[in-house]
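Data block below; observations after.
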Amino acid sequence: MLELAQLTTGQELPAYTKEPVTKVQLVKYAGASGDFNPLHTDDAFAQKIGMPGVIAHGMLIMGFLGEYVNHLAGDLAIVKDFSMRFGAMTFPKDTITCRGVIKETYEQHGARFAVLTLYAEKGPEKVVGSGEATLQF
Amino acid sequence: MSVAHLIGKAGKPYTVEVEKCHIRQFAQAIGDTNPLYSDEEFAKKTVHGGIIAPPTFPIAMSEESDEDLDLGLEYSRMLHGEQRFIYTRPIRPGDVLTCQLKVTDVYEREGKNGTMEFIVMDTEMTDAAGAHVVTSRTNIIYRSVSANA
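The listed protein sequences correspond, in order, to chains A and B. In terms of our numbering, the first sequence opens at residue 572 and continues consecutively. In terms of our numbering, the second sequence opens at residue 26 and continues consecutively.
Encoded structure:
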């Protein structure tokens, strides 16, 4: 959990590694999110459009970063802004690690904020997406 | 085909009631075991004062619309480039959210395979009192036809 008073710009936050992505998880995420694009659940369909097989929803990976952010925020901070830019694709059996760096901390209208730069990686130096979150303390 | 004419296009507003079990299923699919999304007693003691939805949950609300806004785009050329959630407050179980999708920006950039077009779509979500809760902003990359070959 983050203590705002101890955060400094450039500070690296503890990384968090998820369980490998599974095909069952993609089916569950399709159901829960309402995104039934067969690219994420149907290998035959995915292969027809040139993929080796199904790929994970980008939003599932953003969900991993969201899990990471609220884990860091603990019971102290509220997510005010959260964004992600999607890069490489994630496949079943890929293991995603979430990393964060403090970009800045500031005060505005009496409230205190921390901005985190976020990365989702499927191996060292293999970034699948990067993002940013603003937490209000 | 330029997509500039799409700016300002809006879908019909629709209303969704946020269910506690939907929030739990969404967190479970991510593999997110934070009790903040399921345990009222735990959540009460946090800054949130009760159960909230995970930060990316609004994406599940965007899919609740009965009729898609028909922009005349080719699905196969669309890539989800970026996603952003701009919150006034977290979503809570029992919220009755009115959602509306709007095309708020369209722009072009030169890429390796020619001009790429970008379409920015906002889904604004307001609560029963009419107050803003969250805006879900989706940035679509609309690939040129040649890049598709």
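By construction, the Cβ of each residue, glycine as well, lies at the ideal position given by its N, Cα and C atoms. Since the model is a prediction, treat every value here as computed from it, not as a measurement.
Distance between alanine 586 of chain A and asparagine 608 of chain A, taken at the CA atoms: about 31 Å. Short of 6 Å from the beta carbon of methionine 660 of chain A, and not among the five residues preceding or following it, lie these beta carbons of its own chain, in chain order: Ile626.
Under the three-state reduction of DSSP output, leucine 636 of chain A falls in the helix class.
Between the alpha carbons of lysine 137 of chain B and phenylalanine 143 of chain B lies a distance of about 15 Å. Secondary structure at glutamine 679 of chain A: strand, using DSSP grouped into helix, strand and coil.
Contact note: leucine 61 of chain B reaches chain A through Asn641, using a C-beta cutoff of 7 Å and chain order. One Cα belongs to leucine 647 of chain A, the other to proline 695 of chain A, and the distance between them is close to 31 Å. Sequence-distant partners of alanine 617 of chain A (beyond 5 residues in either direction) whose C-beta falls short of 6 Å from its own C-beta, in its chain, are Leu610, Gly624, Val625.
Boundaries cannot be given for glutamine 577 of chain A, as no beta strand (DSSP E) includes it and DSSP labels it neither H nor E. Rounded to whole angstroms, leucine 584 of chain A and glycine 97 of chain B show a C-alpha spacing of 44 Å. Counting only unbroken stretches of 4 or more residues, the alpha helix (DSSP H) elements lying wholly within the stretch 46-102 of chain B are 65-69, 83-87, in sequence order.
Close CB contacts of aspartate 665 of chain A within its chain, under the 6 Å cut and outside five residues either way in sequence, are with Val592, Lys693 (chain order).
Chain A has a Cβ within less than 8 Å of the Cβ of glutamine 53 of chain B.
Here DSSP, grouped into helix, strand and coil, assigns lysine 137 of chain B to coil.
Sequence-distant Cβ neighbours of lysine 651 of chain A in its own chain, meaning closer than 6 Å and more than five residues away, are Thr705, Gln707. Close CB contacts of glycine 702 of chain A within its chain, under the 6 Å cut and outside five residues either way in sequence, are with Leu636, Ser654, Met655, Leu689 (chain order). Restricting attention to B:Thr123, B:Ala52, B:Thr140, B:Thr71, the CA atom closest to the CA of alanine 153 of chain B is found in B:Thr123. For glycine 106 of chain B, the closest Cβ of chain A is nearer than 8 Å. Residue state for histidine 157 of chain B is assigned as strand, using DSSP reduced to three classes. Among the CB atoms of chain A, none fall inside 8 Å of the CB of threonine 151 of chain B. Taking a contact as a CB-CB distance under 8 Å, the pair glycine 36 of chain B and leucine 126 of chain B counts as one, their CB atoms being some 4 Å apart. Taking CB atoms only, isoleucine 649 of chain A has a neighbour in chain B less than 8 Å away. Taking C-beta atoms as the reference points, valine 72 of chain B and aspartate 120 of chain B fail to come closer than 8 Å. For the pair methionine 146 of chain B and isoleucine 165 of chain B, the CB atoms are nearer than the 8 Å cut-off. The DSSP-derived three-state label of asparagine 641 of chain A is helix. In this structure, DSSP gives glycine 602 of chain A a helical state, which the three-state scheme calls helix.
For isoleucine 76 of chain B against glutamate 65 of chain B, the beta-carbon gap comes to about 6 Å, under 8 Å, which counts as contact. Of the residues A:Gly605, A:Leu597, A:Leu643, the one whose Cα lies closest to the Cα of methionine 572 of chain A is A:Leu643. If you check the CB distance, alanine 52 of chain B and tyrosine 62 of chain B come in under 8 Å. DSSP, read as helix, strand or coil, puts leucine 584 of chain A in strand.
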